[in-house]
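Peer 1: In my numbering, each number is its position in the sequence shown, counted from 1, plus 1. Beta carbons are placed, not taken as given, at the ideal position from N, Cα and C, and that holds for glycine.
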Amino acid sequence: MPAHASYDAVIVGGGHNGLVAAAYLARAGRSVLLLERGATTGGAAVSTRPFPGVDARLSRFSYLVSLLPGKIVRDLGLDFAVRKRTVSSYTPTRAGDGLLVGGPGTAESFARLTGGDREYAAWQEFYGLTRSVAERVFPTLTEPLPTREELRARVGDEEAWRMLFEEPIGTAIERRFDHDLVRGVVLTDALIGTFADAHDASLAQNRCFLYHVIGGGTGDWDVPVGGMGALSDALAAAARSAGAEIAVEHEVTAVATDGTRAEVTFRTPSAEGTVGAGHVLVNASPRELAALLGDPAPAPAEGAQLKVNMLLRRLPRLRDRRVDPADAFAGTFHVSEGYGQLADAYREAADGRVPSAPPSEIYCHSLTDPSILGDRLNAEGAHTLTLFGLHTPARLFADDNDATRERLLAATLAELDTYLEEPIAGALAVDAEGRPCIEAKTPLDLEAELRLPGGHIFHRDLSWPWAAPDTGRWGVETARANVLLCGAGAVRGGGVSGVPGHNAAMAALGRAG
2 MPAHASYDAV IVGGGHNGLV AAAYLARAGR SVLLLERGAT TGGAAVSTRP
52 FPGVDARLSR FSYLVSLLPG KIVRDLGLDF AVRKRTVSSY TPTRAGDGLL
102 VGGPGTAESF ARLTGGDREY AAWQEFYGLT RSVAERVFPT LTEPLPTREE
152 LRARVGDEEA WRMLFEEPIG TAIERRFDHD LVRGVVLTDA LIGTFADAHD
202 ASLAQNRCFL YHVIGGGTGD WDVPVGGMGA LSDALAAAAR SAGAEIAVEH
252 EVTAVATDGT RAEVTFRTPS AEGTVGAGHV LVNASPRELA ALLGDPAPAP
302 AEGAQLKVNM LLRRLPRLRD RRVDPADAFA GTFHVSEGYG QLADAYREAA
352 DGRVPSAPPS EIYCHSLTDP SILGDRLNAE GAHTLTLFGL HTPARLFADD
402 NDATRERLLA ATLAELDTYL EEPIAGALAV DAEGRPCIEA KTPLDLEAEL
452 RLPGGHIFHR DLSWPWAAPD TGRWGVETAR ANVLLCGAGA VRGGGVSGVP
502 GHNAAMAALG RAG
């Protein structure tokens, strides 16, 4: 039970954003209580051993780092590091060749696949523009929200602004690239966790693309050393060392407030209680926030991904003999993500059918950071694979989640097998009970385990990173003056960033900038 009857700030939920907020507020001298319903903190940013008797600590849900500002790591003195991947991506074709991006052979790989130099030149120009935008936009994420016109002026490039913020990203991709596979590789960043077509008029795909290319001011996606749980553990340690109180197995059931003082009701496995607060910071979805306050629920959200974790005895051999599997899987391994393939999969899913050729992308954490595996597994050449399937909206699983999961998993692995010299099933390790080391999570599974609304990994569609009439100064404000949203559903939320946690702490502290 909490040590005190009242605190300056009570934080609901111990995901990484809640931990960031707790650390900042405690370092500022505020009394802080964090209440987490689970047995551990970390939320989706955790490392676990999912396979019985196997010493492999997988980043079970979220798995790469791009949007975490170095400022937060430095401010909080976190004992946390990331490593760069040696390869950006590899995308195989059914013909037995592919595109390897990263390193000195990139230009040659483009030329061999596309028959000339044009596509690589277009690639360099396109990502030169996105990097310029990243350098200007990323620093604003931990500042008060700019207006749309202020951000436009900061970007300072009308061509880039139109391409990313005004017209569907498919228009820019089709204007700049000719090769179907190259187009598809570019488009994938617009579809991670977002169910949309390249030409969706809502520009949901553009917002997703923007957040995937601005991280760190470079767009790089890095590997967390020790797995994603290493970040959450470092944040919890920082919060505790600053004086924050963290109580696990304390589920908040209601928040009542007059706008100045709040009362937070919670329950534990053995009791119920209440605690007073000056501010309440909710590290949960907008749907959960509404339920706690007794407000009408927001519009439903819907996730659209399949998450698969695997442990292999060894990396599988590729049909493309020119590429070492250690290179192909070190970056992002794209499966059936050509431009036309992605469009076909979207149409099938929008019609209520599981995609016949499920697109997905894979990476191998242990190639960059072997510390997540025990000594024996490393000595034997074992590796982890993380697969993220696209265009599988929650609606597809509504009738029979278990059966559809198994059917989709089988189809996804079969699709991967078309690019391998051997079936992936033959390379899977087995656990202590003799079962293959593989697990799959649908949007409905993520909703049940993590309370992600509809399994949506961003809690709801991503927002533009600028102020609107209802956003407040920091993008975390709610209709109650002393209740703040510090989860992924905040403006500038989504991904493992800590940005909503930082911004909610700044709002609670009354910081103007």
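Going straight from the alpha carbon of Leu79 to that of Gly218, what length do you get?
Peer 2: Leu79 and Gly218: Cα-Cα distance of roughly 20 Å.
Peer 1: With 16 as the cutoff for other CB atoms within 10 Å, does Lys308 come out buried or exposed?
Peer 2: The residue is buried, with at least 16 neighbouring Cβ atoms inside 10 Å.
Peer 1: Beta-carbon separation of Val66 and Gly216 under 9 Å?
Peer 2: Contact flag set, yes.
Peer 1: At what residues does the beta strand (DSSP E) containing Leu100 begin and finish?
Peer 2: Per DSSP, Leu100 belongs to the beta strand (DSSP E) from 99–102.
Peer 1: Span of the beta strand (DSSP E) holding Lys308?
Peer 2: Per DSSP, Lys308 belongs to the beta strand (DSSP E) from 307–313.
Peer 1: Between which two residues does the beta strand (DSSP E) harbouring Asp198 extend?
Peer 2: Asp198 -> no beta strand (DSSP E), and no H or E assigned at all.
Peer 1: With a threshold of 6 Å on Cβ separation, who are the neighbours of Gly16 within its own chain once the five nearest residues in sequence on each side are excluded?
Peer 2: Taken in chain order, the residues that qualify are Gly44, Asn284.
Peer 1: Looking at the structure shown, is Pro1 part of a helix, part of a strand, or coil, going by DSSP?
Peer 2: This structure cannot speak to residue 1, because the chain is shown only from 2 to 514.
Peer 1: Tell me which residues share the same chain as Leu445 and place their Cβ nearer than 8 Å to its Cβ, disregarding the 5 neighbours each side in the sequence.
Peer 2: Taken in chain order, the residues that qualify are Ala395, Phe398, Ala399, Asn402, Gly456.
Peer 1: Roughly how many whole angstroms lie between the Cα atoms of Gly335 and Leu410?
Peer 2: Note that residue 335 corresponds to His in the displayed sequence, not to Gly. Distance between the alpha carbons of His335 and Leu410 is about 16 Å.
Peer 1: Which same chain residues, not among the five before or five after Leu451, have their C-beta less than 8 Å away from its C-beta?
Peer 2: Within the same chain, Leu451 has close Cβ partners Gly44, Ala45, Phe62.
Peer 1: Can you check which of these residues, Ser337, Arg323, Pro147, Ser133, is closest to Asp1 by C-alpha distance?
Peer 2: This structure cannot speak to residue 1, because the chain is shown only from 2 to 514.
Peer 1: Run through the DSSP bridge pairs and tell me what Phe334 is partnered with.
Peer 2: DSSP lists Tyr91, Ile363 as partners of Phe334.
Peer 1: Of all the options Glu136, Ala123, Leu429, Glu349, which has the alpha carbon lying nearest to the alpha carbon of Ala173?
Peer 2: Here the closest residue by C-alpha is Ala123.
Peer 1: Just to check my reading of the structure: Leu429 and Leu313 have Cβ atoms closer than 8 Å, yes? What is that Cβ distance to the nearest angstrom?
Peer 2: Right, the Cβ-Cβ distance comes to about 6 Å (below 8 Å), so this counts as a contact.
Peer 1: If you draw a straight line from the C-alpha of Thr254 to the C-alpha of Ala292, how long is it?
Peer 2: Roughly 9 Å separates the two Cα atoms.
Peer 1: CB-CB under 7 Å to Val83, same chain, minus the five flanking residues each way: which ones, in chain order?
Peer 2: Result list for Val83: Val66, Asp223, Val224, Pro225, Val226, in chain order.
Peer 1: Taking the Cβ atom as the reference point for each residue, do Leu232 and Val256 lie within a distance shorter than 9 Å?
Peer 2: Contact flag unset, no.
Peer 1: Residues in the same chain with beta-carbon distance under 6 Å from Glu338, minus the five sequence neighbours each way, listed in chain order, please.
Peer 2: Closer than 6 Å at the Cβ level, and outside the excluded window around Glu338, lie Gly185, Thr189, Pro360.
Peer 1: What alpha helix (DSSP H) runs, 4 residues minimum, are completely inside the segment 21–96?
Peer 2: For the segment 21–96, whole alpha helix (DSSP H) runs of length 4 or above, ordered along the chain, are 71–76.
Peer 1: Between the Cα of Leu34 and the Cα atoms of Leu182, Ser60, Ile247, Glu126, which residue gives the shortest distance?
Peer 2: That would be Ile247, whose Cα lies nearest to the Cα of Leu34.
Peer 1: Give me the DSSP bridge partner(s) of Leu388.
Peer 2: Note: Leu388 sits in a beta bridge opposite Val309, Ile363.
Peer 1: With a threshold of 16 other CB atoms inside 10 Å of the CB of Lys85, please say whether the residue is buried or exposed.
Peer 2: Classification of Lys85: exposed, given that the 10 Å Cβ count is below 16.
Peer 1: Name the DSSP bridge partner or partners of Ala223?
Peer 2: Sequence inspection shows Asp at residue 223; the Ala mentioned does not correspond to that position. Paired residues: Val66.
Peer 1: Give me the residue from Leu142, Glu168, Gly341, Phe178 with the minimum Cα distance to Ser498.
Peer 2: Cα-wise, what sits closest to Ser498 is Leu142.
Peer 1: Rounded to whole angstroms, what is the Cα-Cα separation between Gly390 and Glu349?
Peer 2: Going from the Cα of Gly390 to the Cα of Glu349 covers about 14 Å.
Peer 1: Candidates Arg377, Glu422, Asn310: which alpha carbon is nearest Leu386's?
Peer 2: Answer by Cα proximity: Asn310.
Peer 1: Compare the beta carbon distance of His213 and Pro169 with 9 Å and say whether it is the shorter of the two.
Peer 2: No.
Peer 1: For a quick check, are the C-beta atoms of Val20 and Leu236 less than 9 Å apart?
Peer 2: The question names Val, but residue 20 in the sequence shown is Leu. Their beta carbons are under 9 Å apart, which means Leu20 touches Leu236 by this criterion.
Peer 1: CB-CB under 6 Å to Ser110, same chain, minus the five flanking residues each way: which ones, in chain order?
Peer 2: Answer for Ser110: Leu100, Leu101, listed in chain order.
Peer 1: Kindly indicate the opening and closing residues of the beta strand (DSSP E) around His280.
Peer 2: Note, His280: beta strand (DSSP E), 273–283.
Peer 1: May I ask you to report which of helix, strand or coil DSSP gives Phe267?
Peer 2: In the structure shown, Phe267 sits in a strand (DSSP, three-state: E or B).
Peer 1: Unbroken alpha helix (DSSP H) runs of length 4 or more, entirely within the segment 369–416: which are they?
Peer 2: Fully enclosed alpha helix (DSSP H) runs of 4 or longer: 376–381.
Peer 1: With hydrogens ignored, establish whether the beta-carbon of Thr419 is closer than 8 Å to any heavy atom of the ligand NAP.
Peer 2: With respect to the ligand NAP, the structure shown offers nothing to examine, as it has no ligands at all.
Peer 1: Let me confirm a value: Arg318 is counted as buried when at least 16 other C-beta atoms fall within 10 Å, else exposed. Which label applies?
Peer 2: The residue in question, Arg318, is exposed, as its Cβ has fewer than 16 Cβ neighbours within 10 Å.
Peer 1: For Val156, which residues of its own chain have a beta-carbon under 6 Å away from its beta-carbon, when the five flanking residues on both sides are left out?
Peer 2: So the list reads Val134, Arg137, Trp162, once near-sequence residues are dropped.
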